[in-house]
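Here the structure is laid out as structure tokens; the discussion comes afterwards.
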Amino acid sequence: MRALPIVLLVTLGVAPASRAPAQAAPGAAIRLGPVERRPRLAADADTNDAGAYFAHASRLLGENPSEAATAFYWAARLDPSSAEALDGRRVSMLMRKYPLLKMYMEGGRRARQNKDLKSLDSLAMRAVRLDPLYYRKYDLPALMEYYRSMLRQDYPNASAADINGAIRDYLQGGSPYMRGWVAYSEGRLGDALTAYADAMKRVKNKGFLLTETARVLALQGLLPSANDRFREAAVELAKVEEDRDEDVVFYNDRALVEHSRGVIFAKLGQADSARAALGRAITEDLSYFMAHVELGRLAITQHDTATAVAELGLAAELAADEPWVHYLHGSTLVAAGQHADAVAPLRKAITLEPLYAAPYFSLGQALERTGDTEAARQAYLGYLQRSPRREIQSRQQANERAASLAP
318 MRALPIVLLV TLGVAPASRA PAQAAPGAAI RLGPVERRPR LAADADTNDA
368 GAYFAHASRL LGENPSEAAT AFYWAARLDP SSAEALDGRR VSMLMRKYPL
418 LKMYMEGGRR ARQNKDLKSL DSLAMRAVRL DPLYYRKYDL PALMEYYRSM
468 LRQDYPNASA ADINGAIRDY LQGGSPYMRG WVAYSEGRLG DALTAYADAM
518 KRVKNKGFLL TETARVLALQ GLLPSANDRF REAAVELAKV EEDRDEDVVF
568 YNDRALVEHS RGVIFAKLGQ ADSARAALGR AITEDLSYFM AHVELGRLAI
618 TQHDTATAVA ELGLAAELAA DEPWVHYLHG STLVAAGQHA DAVAPLRKAI
668 TLEPLYAAPY FSLGQALERT GDTEAARQAY LGYLQRSPRR EIQSRQQANE
718 RAASLAP
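Written out as structure tokens, the structure is:
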């Protein structure tokens, strides 16, 4: 990729400048990274609503990635189940430090061994496992920033419009896969499919491209076709021995593919096929907690409470540090009438993320039904303090229950 400025020399029509020394990479990130200050939102924004931070982050990602990183951080804390928050945090953390972004884009052994990139990769994998069909829309801004930063240093006399135009021309003239990836990132899904089909004619191992094609089809709502491509991807991936040490930043594995198939089968109402696919995901990776989450959700839709509780309990054991999984387990126990058993997982969710509002409401319900009225009242008040204004019905119920339990 470093050759790009030479490719663009004629387009930009300016002479390159000398490059400044690279700066040191930031400290290691754990989970979401170091604690961030809360960004200042608009006066009428709801600071309890993850959506307000999403809007703030998305607006600023290109021009102020550092501010976007703080907003994605708070969105992920307020809604720990959000794949978008985790992926946005990953990309903005890359964009806020050019040396790290450069290392990430250029790859190699140094990138594979870098602890900061490994930490950010964990965010990427958590995001794609939370929602394997998630629309990954933030990668293109990161690539554009990588090229812009490079070219601003090499061609300081070039205008922003010239630089952006040259980069776009370069990307559009790239490989079929690159053209497809850019089209996907820009929401031109039909163009992405055309380019990916062209790319598949040129490679031996088609597993990755089949997976990407399936995700595009799923975004288009063409679920049966998406599932066919995922099935073909699973076959292709089985032919190749995966080396995850070489795939520090991105990788697709068979567990993820089978998880994707399970989600689509569930959407299509094919419960038996969904269970079979999720079972295969677990066979591929015994630690794959999201397969148990999906099995639990599937059981809930079929009113199979015992299976739902069992599967979500397994998921909570495997995902010990995911607050939303403990919340899902606890709230399912509440719905099943197992109030005493629900208290521990709900308190665990709150301990892991005190800003996460949903567990407080379910904990209030569980404690109220076990007779601990004062603790229940405090839980309802905790929910009211942390919940977004848009949750009108739940807030009204919590307010009524807290008032009725007052001494």
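The sequence shown stops at residue 724 when you use the numbering used here, and every number in between is there.
Just so you know, even glycine gets a beta-carbon here, dropped at the ideal spot from N, CA and C.
Straight-line gap, residue i to residue j (C-alpha atoms, nearest Å)
| i | j | result |
| --- | --- | --- |
| Ala657 | Tyr677 | 15 Å |
| Trp498 | Ser590 | 30 Å |
| Leu787 | Pro493 | Only positions 318 to 724 of the chain appear in this structure, which leaves residue 787 out of reach. |
| Glu575 | Glu691 | 46 Å |
| Ala696 | Ala675 | 10 Å |
| Arg626 | Leu534 | Contrary to the premise, residue 626 reads as Val rather than Arg in this sequence. C-alpha separation (whole angstroms): 33 Å. |
| Ala673 | Asn716 | Here residue 673 turns out to be Tyr, not Ala, going by the sequence shown. Going by the C-alpha atoms only, they are around 18 Å apart. |
| Glu462 | Thr687 | 55 Å |
| Asp486 | Asn365 | 42 Å |
| Gly630 | Thr618 | 17 Å |
| Tyr451 | Ala374 | 18 Å |
| Gly613 | Ser383 | 38 Å |
| Thr764 | Met422 | Nothing about residue 764 can be read from this structure; the chain reaches only from 318 to 724. |
| Ala459 | Leu418 | 8 Å |
| Gln470 | Ser476 | 12 Å |
| Asp560 | Asp570 | Only weak support is given to the placement of Asp560: the predicted model assigns it a pLDDT of 48, under 50, and the question is left unresolved by the model. |
| Glu353 | Ala516 | 41 Å |
| His620 | Asp433 | 44 Å |
Which of helix, strand or coil DSSP assigns to residue i
| i | result |
| --- | --- |
| Gln430 | helix |
| Asn522 | coil |
| Ala723 | coil |
| Gln655 | coil |
| Arg453 | coil |
| Val610 | helix |
| Lys435 | helix |
| Glu601 | helix |
| Thr530 | helix |
| Leu684 | helix |
| Arg365 | Strictly speaking, residue 365 in this sequence is Asn, with Arg absent from that position. The answer is coil: DSSP assigns Asn365 none of H, G, I, E or B. |
| Ala696 | helix |
| Pro351 | coil |
| Tyr464 | helix |
| Ala661 | helix |
| Pro473 | coil |
| Glu717 | helix |
| Arg706 | coil |
| Pro676 | helix |
| Glu670 | coil |
| Gly647 | helix |
| Asp448 | coil |
| Leu378 | coil |
Enclosing alpha helix (DSSP H) for residue i [first to last residue]
| i | result |
| --- | --- |
| Arg357 | That residue, Arg357, is in no alpha helix (DSSP H); it is neither H nor E in DSSP. |
| Asn481 | Ala477 to Gln489 |
| His576 | Arg571 to Lys584 |
| Val626 | Thr622 to Leu635 |
| Tyr421 | Tyr415 to Glu423 |
| Gly507 | Leu506 to Met517 |
| Ser383 | Pro382 to Leu395 |
| Asp545 | Leu540 to Lys556 |
| Leu403 | Ala400 to Met412 |
| Ser502 | Pro493 to Ser502 |
CB contact flag (residue i, residue j, <8 Å)
| i | j | result |
| --- | --- | --- |
| Asp602 | Ala572 | yes |
| Pro671 | Ala633 | no |
| Ser577 | Ala531 | yes |
| Ala608 | His643 | no |
| Gly579 | Ala594 | yes |
| Thr624 | Ala636 | no |
| Ala386 | Arg406 | yes |
| Ala400 | Asp448 | yes |
| Arg694 | Leu722 | yes |
| Gln537 | Leu585 | no |
| Ala659 | Ala683 | yes |
| Gly681 | Arg707 | no |
| Asn431 | Met420 | yes |
| Ile581 | Ala551 | no |
| Ala444 | Asp404 | yes |
Cβ-based neighbour list, residue i, same chain, cut-off 7 Å, excluding 5 preceding and 5 following
| i | result |
| --- | --- |
| Gly504 | none |
| Met495 | Leu488 |
| Val557 | Asn522 and Gly524 |
| Ala500 | Asp508, Ala509 and Ala512 |
| Ile599 | Tyr605 and Ala608 |
Close beta carbons around residue i, own chain, < 6 Å, minus the five adjacent residues each side
| i | result |
| --- | --- |
| Ala339 | In this predicted model, Ala339 has a pLDDT of only 30, less than 50, meaning its place in the structure is not dependable; the value taken from the coordinates is given anyway. If we look at Ala339 and ignore the five residues flanking it on each side, its Cβ neighbours are Pro416. |
| Ala392 | Ala367, Tyr370, Phe371 and Ala402 |
| Leu669 | Pro640 |
| Ala583 | Ala591 and Leu615 |
Same chain only: Cβ atoms within 8 Å of residue i, ignoring 5 sequence neighbours per side
| i | result |
| --- | --- |
| Ser711 | Phe678, Tyr700 and Ser704 |
| Gly379 | Pro458, Met461 and Glu462 |
| Leu377 | Glu384, Ala385 and Ala388 |
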